[in-house]
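Comments concern the structure below.
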Amino acid sequence: MSLTNTPDPEARAKVVKQDLDSVLHPIVQHRALEKAQLVITGGQGSTIVDADGTTYLDAMAGLWCVNIGYGRTELAQVAAEQMQQIAYYPHTAMNLPAAQLGEQINGLMGGGYHTYFVNSGSEANEAGFKIARQYAKHEFPGQFRFKTISRHYAYHGTTLATLAAGGMGDRKVKFEPYAGEFSHVVAPTCYRCPLGLTYPSCEVACAKAFEAAILAEGPNTVAEVIVEPIMSGVGIAVPPDEYHPMVEAICRKYDVLLHVDEVINGFGRTGKMFGHQHYGISPDIMAVAKGIVSAYLPIAATVVKNRVFESFLGEVAEEKQVMQVNTYGGHPVSAAVAVRNIEIMLEEKLPQRAAEMGAYLMAGLKERLWKHGVCGDVRGKGLLIGVELVTDRDSKVQLPSALVQGVVNFCRSNGVIVGRSGGGVRHSNTITFSPPLVITRSECDTLIDVMDKALSMTVATMAGKA
Ligand SMILES: Cc1ncc(COP(=O)(O)O)c(C=O)c1O
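Residues are numbered in my numbering as their position in the sequence shown, beginning at 1, plus a constant of 757.
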């Protein structure tokens, strides 16, 4: 049996039963899935199709990842050709597509980088932690630099170490305790400044917090700092322009590596190829995933500056090589598809398009949503945008969770998939948009329209309850 885009209720019902009987899904409650499911059978551009024939504008590009959009069948051709040539051999040897992809990434960074391939964003960050530790062992003998300093409300992945590095309590709490190699400073969530300050009189105290943390931990114990250029999961936190250069300067002062998480920001999402390029900083370690292959196959990478790479060079007997391996790293088929994905991005100037379409979408959201008192803030860069919902603009009290979820549900029942931030009571009241970079103006108009109606509905619901 196969599912096509022709509605087939019977076939769909079979899949739902098969799934509910035997599959354990990530992060969604199965009781909710029993009531409503998506069974996706197709997609084109920014649109996905359910087996019941319903189409949706996917304003989240799956999980912030299908950057070049759905339905690029030429990538199937690329994968098939590579599979026929050689499907797999471990990356202790070399292969053409992974070599090409490494060269491509190095070029996008302006040179001076080497790339270590893995399979997911979590692994890319985890490999980054390990590379930072091993680098410290090589470069600072006699010191014990192993700690990573991160930020409250950060998300860096789902493994135990990346969860520990993350700062989202609601994602972490079920798996505690963690080992404690990760400490956290305040995040640059300016709309709700954790320090109760206001920009610019704050003098970007949240960036200075890294120096205080490094000193408190002891500089000789700190291997690296990890930041996402624009924090995504917590509701799109765009820091002040000085923030990242200040953090970078602190890292340089204490010989601490700067590890930048570009898993969502990277590959055009924010209107430049990489999010950190807005801020003129130079990562020592960079994690990429998602947009690197627009999720057509799994592949991710930890990209390291040559000064880090060189620390791993030596005679065989010195045992300075990267002391880890993963079976699928540098997978030729995924790499071949990633290479073509990036070529498509460059040919179609998708980062530039994200900047232009993002500006259009953000302007439209501001213009149409501001009349609703529940619209507290509209912020973002490129096609990474959030609308923070409040009970009223002056108090900034977060809109209750059920009403925020009501907006997500309303959008879905009106044909638009939107996201919602995490971050517990303090931060889970932002509706997020991270559509394919090929989204059209008319699709942006649809999104704005549906959000406008969703907020009207929310205001009416609140009035009814008052
Ligand atoms: C910023 C960031 N880093 C890392 C990850 C982990 O990536 P993955 O889910 O591919 O392991 C994510 C996932 O959404 C992310 O948003």
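Beta carbons are placed, not taken as given, at the ideal position from N, Cα and C, and that holds for glycine.
Computed from a predicted model, the values in this text were never measured in an experiment.
Could you tell me the alpha carbon to alpha carbon distance between Thr905 and Lys931, rounded to whole angstroms? The count along the sequence shown starts at 1 and reaches residue 905 at position 148. The count along the sequence shown starts at 1 and reaches residue 931 at position 174. Going by the C-alpha atoms only, they are around 22 Å apart.
Go to Gly1115, then tell me how far its alpha helix (DSSP H) extends in each direction, as first and last residue. The residue you call residue 1115 lines up with position 358 of the sequence shown. That run of the alpha helix (DSSP H) goes Leu1107 to Leu1126.
Quick check: does the Cβ of Glu985 come within less than 7 Å of any heavy atom belonging to ligand 1? For this step, residue 985 is matched to residue 228 along the sequence shown. Yes, ligand 1 has a heavy atom inside 7 Å of this Cβ.
Just to confirm before moving on: does the CB-CB distance between Cys1132 and Leu1118 stay below 8 Å? In the sequence shown, the residue the question calls residue 1132 occupies position 375. In the sequence shown, the residue the question calls residue 1118 occupies position 361. No; because the gap between Cβ atoms is not below 8 Å, this pair is not in contact.
Distance between Ala816 and Met1219 (C-alpha atoms, nearest Å): Working through the sequence shown from its first residue, we reach residue 1219 at position 462. Working through the sequence shown from its first residue, we reach residue 816 at position 59. Going from the Cα of Met1219 to the Cα of Ala816 covers about 26 Å.
Cross-strand partners of Lys904 (DSSP beta bridge): Position 147 of the sequence shown, counted from the start, is the residue given in the question as residue 904. According to DSSP, which records beta bridges pairwise, Lys904 is partnered with Val979.
At which residues does the alpha helix (DSSP H) containing Ala921 begin and terminate? Translated into positions along the sequence shown, residue 921 becomes position 164. Taken as a continuous stretch (DSSP letters only), the alpha helix (DSSP H) holding Ala921 covers Leu917 to Ala922.
Using only CA atoms, which one of Glu960, Ala969 and Tyr892 lies nearest to Pro996? By one-based count along the sequence shown, residue 996 stands at place 239. It is Glu960.
Using 7 Å as the cut-off, classify the Cβ of Thr905 as near or not near the heavy atoms of ligand 1, replying yes or no. Sequence index remark: in the sequence shown, residue 905 carries index 148 (1-based). Not under cutoff, so the answer is no.
So which residues put a beta carbon under 7 Å from any heavy atom of ligand 1, going in chain order? Leu820, Trp821, Ser877, Gly878, Ser879, Glu880, Asn882, Tyr912, His913, Gly914, Thr915, Thr919, Glu985, Ser989, Gly990, Asp1018, Val1020, Ile1021, Ala1044, Ala1046, Lys1047 and Ala1057
Proximity below 8 Å, CB of Ser989 to CB of Asn824: Numbered from 1 along the sequence shown, position 232 holds the residue referred to as residue 989. Numbered from 1 along the sequence shown, position 67 holds the residue referred to as residue 824. Cβ atoms of Ser989 and Asn824: not closer than 8 Å.
If we count the other Cβ atoms within 10 Å of its Cβ and call it buried at 16 or more, is Met1102 buried or exposed? Start at 1 with the first residue of the sequence shown, and residue 1102 comes out as number 345. Met1102 should be labelled buried.
Using a threshold of 8 Å, state whether the C-beta atoms of Tyr1036 and Asp998 are closer than that. Position 279 of the sequence shown, counted from the start, is the residue given in the question as residue 1036. Position 241 of the sequence shown, counted from the start, is the residue given in the question as residue 998. Yes, Cβ-Cβ distance for Tyr1036 and Asp998 is below 8 Å.
Whole-angstrom Cβ separation of Thr946 and Tyr912, contact assumed at under 8 Å? One-based indexing of the sequence shown puts residue 946 at position 189. One-based indexing of the sequence shown puts residue 912 at position 155. Contact flag wrong, Cβ pair sits at about 13 Å.
Just checking my contact of Gly1180 with Ala1046 at CB under 8 Å: how many whole Å lie between their CB atoms? Reading the sequence shown from its first residue, position 423 is the one you call residue 1180. Reading the sequence shown from its first residue, position 289 is the one you call residue 1046. So it is not a contact: roughly 21 Å between Cβ atoms.
Out of Pro1193, Ala1217, Lys1210 and Met1208, state which residue places its alpha-carbon closest to the alpha-carbon of Ser803. Indexing the sequence shown from 1 puts residue 803 at position 46. Cα-wise, what sits closest to Ser803 is Pro1193.
Note down the Cα distance separating Gly828 from Cys950, rounded to an integer number of angstroms. Taking the sequence shown and counting its residues from 1, one reaches residue 828 at position 71. Taking the sequence shown and counting its residues from 1, one reaches residue 950 at position 193. Using only the alpha carbons, I get a separation of about 41 Å.
Give the secondary structure of His1184 by DSSP, where H, G and I count as helix, E and B as strand, and everything else as coil. Within the sequence shown, residue 1184 is the residue found at index 427, counting from 1. Note: His1184 maps to helix in three-state DSSP.
Sequence ranges, alpha helix (DSSP H) only - wholly within the segment 986-1062, length at least 4: 1000-1010
Using the Cβ count rule (16 or more neighbours within 10 Å means buried), how would you classify Pro1040? One-based indexing of the sequence shown puts residue 1040 at position 283. Buried.
Mark Asn882 as exposed unless 16 or more other C-beta atoms lie within 10 angstroms of its C-beta, in which case mark it buried. Translated into the one-based positions of the sequence shown, residue 882 becomes position 125. Looking at its Cβ environment, which holds 16 or more other Cβ atoms inside 10 Å, Asn882 is buried.
Sub-8 Å separation of Cys1008 and Val982 beta-carbons: Translated into positions along the sequence shown, residue 1008 becomes position 251. Translated into positions along the sequence shown, residue 982 becomes position 225. Cβ atoms of Cys1008 and Val982: closer than 8 Å.
6 Å CB neighbourhood of Val806 in its chain, flanking five on each side removed: Position 49 of the sequence shown, counting from 1, holds the residue named residue 806. For Val806, where only same-chain residues beyond five positions count, the Cβ hits under 6 Å are Asn762, Thr798, Gly799 and Thr812.
Can you have a look at Tyr846 and say buried or exposed, based on whether 16 or more other CB atoms are within 10 angstroms of its CB? Here residue 846 refers to the residue found at position 89 of the sequence shown. Looking at its Cβ environment, which holds fewer than 16 other Cβ atoms inside 10 Å, Tyr846 is exposed.
Hey, out of Val1090, Thr1187, Gly924 and Val1060, whose CA is closest to Thr1148's CA? Within the sequence shown, the letter at position 391 stands for residue 1148. Of the listed residues, the one whose Cα sits closest to Thr1148 is Thr1187.
Option in Ala918, Glu838, Glu1105 and Asp927 with minimal Cα separation from Tyr935: As a first step, residue 935 is located in the sequence shown; it is residue number 178 there, counting from the start. For the residues Ala918, Glu838, Glu1105 and Asp927, the minimum Cα distance to Tyr935 belongs to Ala918.
Do you know whose CA, among Gly1023, Gly914, Gly1115 and Arg902, lies nearest Val1013's CA? Within the sequence shown, residue 1013 is the residue found at index 256, counting from 1. Of the listed residues, the one whose Cα sits closest to Val1013 is Arg902.
Whose CA, out of Gly953, Ala944 and Tyr956, lies closest to the CA of Ala970? Position 213 of the sequence shown, counted from the start, is the residue given in the question as residue 970. When only C-alpha atoms are compared, the closest one is Ala944.
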